[in-house]
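Novice: As given, the protein sequences belong to chains D and A, one line each in that order. Number 153 in the numbering used here belongs to position 153 of the first sequence; there are no gaps in the numbering. If you want the numbering used here, it's the 1-based position in the second sequence plus 1000. Ideal Cβ placement from N, Cα and C applies to all residues, glycine included. This is the structure, below, for whatever I ask next.
Number of protein chains: 2
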Amino acid sequence: MTDHAHGPDLASLTIAVLGGTGPQGRGLARRFAAAGLDVVLGSRDALRAQDTAATLADAGRVRGATNADAATAGDIVLVVVPWDGHAELLESLKGELAGKVVVDCVNPLGFDKQGPYALLVEEGSATQQAAAILTGSRVVGAFHNVSAVLLEDPEVERIDTDVLVLGDDREATDLVQALADVVPGMRGMYGGRLRNAHQVEALTANLIAINRRYKAHAGVRVTDV
Amino acid sequence: MTDHAHGPDLASLTIAVLGGTGPQGRGLARRFAAAGLDVVLGSRDALRAQDTAATLADAGRVRGATNADAATAGDIVLVVVPWDGHAELLESLKGELAGKVVVDCVNPLGFDKQGPYALLVEEGSATQQAAAILTGSRVVGAFHNVSAVLLEDPEVERIDTDVLVLGDDREATDLVQALADVVPGMRGMYGGRLRNAHQVEALTANLIAINRRYKAHAGVRVTDV
């Protein structure tokens, strides 16, 4: 999977996006397809996934499938489902996801009249919950803080943001950093171990608060790197 | 305290830095003094604070005092003590800090052989703990993610980073944003309510992990704002 002379070779890999019919999933799928990668959108409903995939045909190679079929097809599998169904979906796909690099992108957030806030997660974070369930997979956290609005907008050519990639498996985090790097403007950066995933997920609440205050689509850049 | 035509007027205010003899406190004191503000360093030991203040004389007006005297002298009081003594110090200064803008800068972190990690805080975050103790103060969280190494280095002219300012009191967060703005390169930005302070404190663990991986002094910039 890794070309040691030139870093990971992504061109031959299929990228699956579970929960790919939501804004974040669609947006990530659009960007990976636009970079020439082979993308499979997963949804509970294969027809819905196919319909969404058809709307992304202008970007590149995107097809739709059930989450299970997408998980089977993907070499790298992104999990972009709502927090509510996160554990249940992963339990159901434990077999399909065995041996694969699974990238958890889920932000466990709540909203009330005061705005967004981070939910407490028993395992520490969505990413750690995924790792606890998918004991046979190589679980990484990434793409938490990227604006779906910008990802989905075909007029936006560059996504100027850093993607913090969290994990304990160096080869897997390197691969996911390379995946972020295929998107113009985006930079994959190692962001710490799995046990430090919570704050990166939760920071999305702050970015939403910033978006509301400043009428922005905020992202994060790490300086001095 | 606020000049509505031109934003908060800081020139007439005294900035106190409790725990000002550590690297982060010294670094912040240096930068505020260099911007022409009147700074009082606090320490448990007044002589130690005076010694440290003397080392900052090249930067501007910095004097040393006990934490209690510094808290009394400060219009804005930064709390930059180790997490271990955080609650105890604030309990002891409840009276001195009443009515003041208190800026909590403390990151509750642990370290083991795998590196840094965020500690669980019963109140949710150091900033929320401060707010729970200092019921008569206006508590804000800020300056969590700024590299002490850069702050302390007189050769570094600009600190290119955003300072996320967390709080539920708009006038207080505006004032602290203005305080961050006095440092060249630094930009104060509203970062969300107090209940979203934890992840900003904890993100310092990720920045330390990034510093180790990339040999950097990482900071954060928010894009699109």
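Do you know how far the Cα of D:Lys94 is from the Cα of A:Arg1187?
Specialist: Sequence index remark: in the second sequence, residue 1187 of chain A carries index 187 (1-based). Sequence index remark: in the first sequence, residue 94 of chain D carries index 94 (1-based). Distance between the alpha carbons of A:Arg1187 and D:Lys94: 45 Å.
Novice: Using the beta-carbon of each residue, which ones in chain A are nearer than 9 Å to D:Ala44?
Specialist: Locating residue 44 of chain D in the first sequence gives position 44, counting from the first residue. Looking at the sequence shown, residue 44 of chain D is not Ala but Arg. Within chain A, no residue comes near D:Arg44; the closest Cβ sits about 30 Å away, beyond 9 Å.
Novice: Output yes if chain A places a C-beta closer than 8 Å to the C-beta of D:Met1; else output no.
Specialist: Here residue 1 of chain D refers to the residue found at position 1 of the first sequence. Reliability fails at D:Met1, whose pLDDT of 46 lies under 50, so the model's placement of it is uncertain and the value that follows must be treated cautiously. No, D:Met1 lies away from the interface with chain A (no Cβ there is under 8 Å from its Cβ).
Novice: Between A:Asp1160 and chain D, is the shortest Cβ-Cβ distance under 8 Å, so that the two count as touching?
Specialist: Residue numbering aside, residue 1160 of chain A sits at position 160 when the second sequence is read from its first letter. So, interface residue.
Novice: Excluding the five sequence neighbours on either side, which residues of its own chain have a C-beta within less than 6 Å of the C-beta of D:Gly124, listed in chain order?
Specialist: Here residue 124 of chain D refers to the residue found at position 124 of the first sequence. His198.
Novice: Find the nearest neighbour of A:Asn1145 within the set D:Leu78, D:Leu120, D:Asp224 and D:Ala73, judged by alpha-carbon distance.
Specialist: Within the second sequence, residue 1145 of chain A is the residue found at index 145, counting from 1. When only C-alpha atoms are compared, the closest one is D:Asp224.
Novice: Just to confirm my understanding: we take D:Pro154, look at its own chain, exclude 5 residues before and 5 after, and list those with CB closer than 8 Å. What are they?
Specialist: As a working mapping, residue 154 of chain D is identified with position 154 in the first sequence. Answer for D:Pro154: Arg30, Asp58 and Ala59, listed in chain order.
Novice: For the beta strand (DSSP E) that contains D:Pro116, what are its first and last residues?
Specialist: Locating residue 116 of chain D in the first sequence gives position 116, counting from the first residue. Element bounds for D:Pro116: Gly115 to Ala118.
Novice: Spatial neighbours of A:Ile1210 within its chain, please: CB distance less than 7 Å, with the 5 preceding and 5 following residues excluded, ordered by chain position.
Specialist: Indexing the second sequence from 1 puts residue 1210 of chain A at position 210. Result list for A:Ile1210: Ala1216 and Ala1218, in chain order.
Novice: Around the Cβ of A:Gln1024, are there at least 16 other Cβ atoms within 10 angstroms (buried) or fewer (exposed)?
Specialist: What you label residue 1024 of chain A is simply residue 24 of the second sequence in a count that begins at 1. Looking at its Cβ environment, which holds 16 or more other Cβ atoms inside 10 Å, A:Gln1024 is buried.
Novice: Give me, in chain order, the residues of the same chain whose beta-carbon lies closer than 6 Å to that of A:Asp1168; leave out the 5 immediate sequence neighbours on both sides.
Specialist: The sequence position of residue 1168 of chain A within the second sequence is 168, counting from 1. Same-chain partners within the cutoff: Arg1193 and Leu1194.
Novice: So D:Leu182 is in the beta strand (DSSP E); what residue range does that whole segment cover?
Specialist: Residue numbering aside, residue 182 of chain D sits at position 182 when the first sequence is read from its first letter. The sequence given here places Val at residue 182 of chain D; Leu does not occur at that position. Segment: none, D:Val182 is in no beta strand (DSSP E) and carries neither H nor E.
Novice: Would the beta-carbon of A:Val1080 fall within 8 Å of that of A:Val1017?
Specialist: Within the second sequence, the letter at position 80 stands for residue 1080 of chain A. Within the second sequence, the letter at position 17 stands for residue 1017 of chain A. Yes.
Novice: Measure the Cβ-Cβ separation of A:Pro1008 and A:Leu1166 and say whether it is below 8 Å.
Specialist: Taking the first residue of the second sequence as 1, we reach residue 1008 of chain A at position 8. Taking the first residue of the second sequence as 1, we reach residue 1166 of chain A at position 166. Their beta carbons are not under 8 Å apart, which means A:Pro1008 does not touch A:Leu1166 by this criterion.
Novice: From the DSSP output, in three-state form, read off A:His1144 for me.
Specialist: Residue mapping note: residue 1144 of chain A aligns to position 144 of the second sequence, counting from 1. A:His1144: coil per DSSP, three-state reduction.
Novice: Tell me the rounded alpha-carbon separation between D:Arg228 and A:Ala1205.
Specialist: Because chain D in this structure spans residues 1 to 225, residue 228 of chain D falls outside the shown range and cannot be described.
Novice: Flag this pair as touching only if the region 60-72 of chain D and the region 135-143 of chain D have three or more C-beta atom pairs under 8 Å; answer yes or no.
Specialist: Cβ pair count under 8 Å is below three, so no.
Novice: Taking only beta-carbon atoms, is D:His217 less than 8 Å away from chain A?
Specialist: Residue 217 of chain D sits at position 217 when you count from the first residue of the first sequence. For D:His217, the answer is yes, since a Cβ of chain A falls inside 8 Å of its Cβ.
Novice: Just to confirm, are D:Ala35 and D:Arg61 a CB contact at a threshold of 8 Å?
Specialist: What you label residue 35 of chain D is simply residue 35 of the first sequence in a count that begins at 1. What you label residue 61 of chain D is simply residue 61 of the first sequence in a count that begins at 1. Their beta carbons are not under 8 Å apart, which means D:Ala35 does not touch D:Arg61 by this criterion.
Novice: Quick check: is the beta carbon of A:Ala1010 nearer than 8 Å to any beta carbon in chain D?
Specialist: Taking the second sequence and counting its residues from 1, the one referred to as residue 1010 of chain A is at position 10. First, the residue type needs correcting, since residue 1010 of chain A is Leu and not Ala in the sequence shown. Chain D, which has no Cβ nearer than 8 Å to the Cβ of A:Leu1010, makes this no.
Novice: Kindly indicate which three-state DSSP category D:Gly191 falls into: helix, strand or coil?
Specialist: If you number the first sequence from 1, residue 191 of chain D lands on position 191. It is a strand residue.
Novice: Quick one: what's got a C-beta closer than 7 Å to D:Arg212's C-beta in the same chain, skipping five residues either side?
Specialist: Position 212 of the first sequence, counting from 1, holds the residue named residue 212 of chain D. Same-chain partners within the cutoff: Gly115.
Novice: Are the beta-carbon atoms of D:Val101 and D:Ala172 separated by less than 8 Å?
Specialist: Numbered from 1 along the first sequence, position 101 holds the residue referred to as residue 101 of chain D. Numbered from 1 along the first sequence, position 172 holds the residue referred to as residue 172 of chain D. Their beta carbons are under 8 Å apart, which means D:Val101 touches D:Ala172 by this criterion.
Novice: A:Asp1174 touches chain D at which residues, Cβ-Cβ below 9 Å?
Specialist: The count along the second sequence starts at 1 and reaches residue 1174 of chain A at position 174. Here the premise fails: no neighbours, minimum Cβ distance about 11 Å.
Novice: Given that a residue counts as buried once 16 or more other Cβ atoms are within 10 Å of its Cβ, and exposed if not, what is A:Leu1119?
Specialist: Residue mapping note: residue 1119 of chain A aligns to position 119 of the second sequence, counting from 1. Answer is exposed; the Cβ neighbour count stays below 16.
Novice: With A:Leu1037 and A:Ala1053 assumed to form a contact (beta carbons below 8 Å), what rounded beta-carbon distance in angstroms separates them?
Specialist: The count along the second sequence starts at 1 and reaches residue 1037 of chain A at position 37. The count along the second sequence starts at 1 and reaches residue 1053 of chain A at position 53. The pair is not a contact, with the Cβ atoms about 14 Å apart (cut-off 8 Å).
Novice: Using the rule of at least 16 other Cβ atoms within 10 Å of the residue's Cβ for burial, across every protein chain shown, is A:Ala1049 buried or exposed?
Specialist: Residue mapping note: residue 1049 of chain A aligns to position 49 of the second sequence, counting from 1. A:Ala1049 is buried by the Cβ-count criterion.
Novice: Determine, for A:Val1198, whether the minimum Cβ-Cβ distance to residues of chain D falls below 8 Å.
Specialist: Position 198 of the second sequence, counting from 1, holds the residue named residue 1198 of chain A. Correcting the residue identity first, residue 1198 of chain A is His in this sequence and not Val. Interface residue, yes.
Novice: Leaving aside the five residues before and after D:Thr21 along the sequence, list all residues of the same chain whose C-beta is less than 7 Å from its C-beta, in chain order.
Specialist: Here the question's residue 21 of chain D lines up with position 21 in the first sequence. For D:Thr21, where only same-chain residues beyond five positions count, the Cβ hits under 7 Å are Leu41, Ser43, Arg48, Ala49 and Thr52.
Novice: Hey, is D:Gln24's beta-carbon within less than 8 Å of any beta-carbon in chain A?
Specialist: If you number the first sequence from 1, residue 24 of chain D lands on position 24. For D:Gln24, the answer is no, since every Cβ of chain A falls outside 8 Å of its Cβ.
Novice: Under 8 Å, Cβ to Cβ, is there at least one residue of chain A near D:Met189?
Specialist: Within the first sequence, numbered from 1, the residue matching residue 189 of chain D stands at position 189. Chain A contact via Cβ: present.
Novice: Can you list, in chain order, the residues of its chain with a C-beta nearer than 6 Å to that of D:Gly141? Leave out the 5 residues immediately preceding and following it.
Specialist: Your numbering for residue 141 of chain D matches position 141 in the first sequence. Here the set comprises Asp104, Thr127, Leu166 and Ala197.
Novice: Rank D:Val39, D:Pro82 and D:Glu88 by C-alpha distance to the C-alpha of D:Asp75 and give the top, closest one.
Specialist: Locating residue 75 of chain D in the first sequence gives position 75, counting from the first residue. Ranking D:Val39, D:Pro82 and D:Glu88 by Cα distance to D:Asp75 puts D:Val39 first.
Novice: Could you check whether the Cβ of D:Ala180 sits closer than 8 Å to any Cβ belonging to chain A?
Specialist: Taking the first sequence and counting its residues from 1, the one referred to as residue 180 of chain D is at position 180. It does not; no Cβ of chain A falls within 8 Å.
Novice: If I'm right that A:Glu1152 touches A:Gly1019 with Cβ under 8 Å, what's the distance once you round it to whole angstroms?
Specialist: Along the second sequence, read from residue 1 onward, the residue named residue 1152 of chain A stands at position 152. Along the second sequence, read from residue 1 onward, the residue named residue 1019 of chain A stands at position 19. Wrong, their Cβ atoms sit about 15 Å apart, outside the cutoff.
Novice: According to DSSP, what are the bridge partners of A:Val1156?
Specialist: One-based indexing of the second sequence puts residue 1156 of chain A at position 156. For A:Val1156, which the question treats as bridged, DSSP gives no partner whatsoever.
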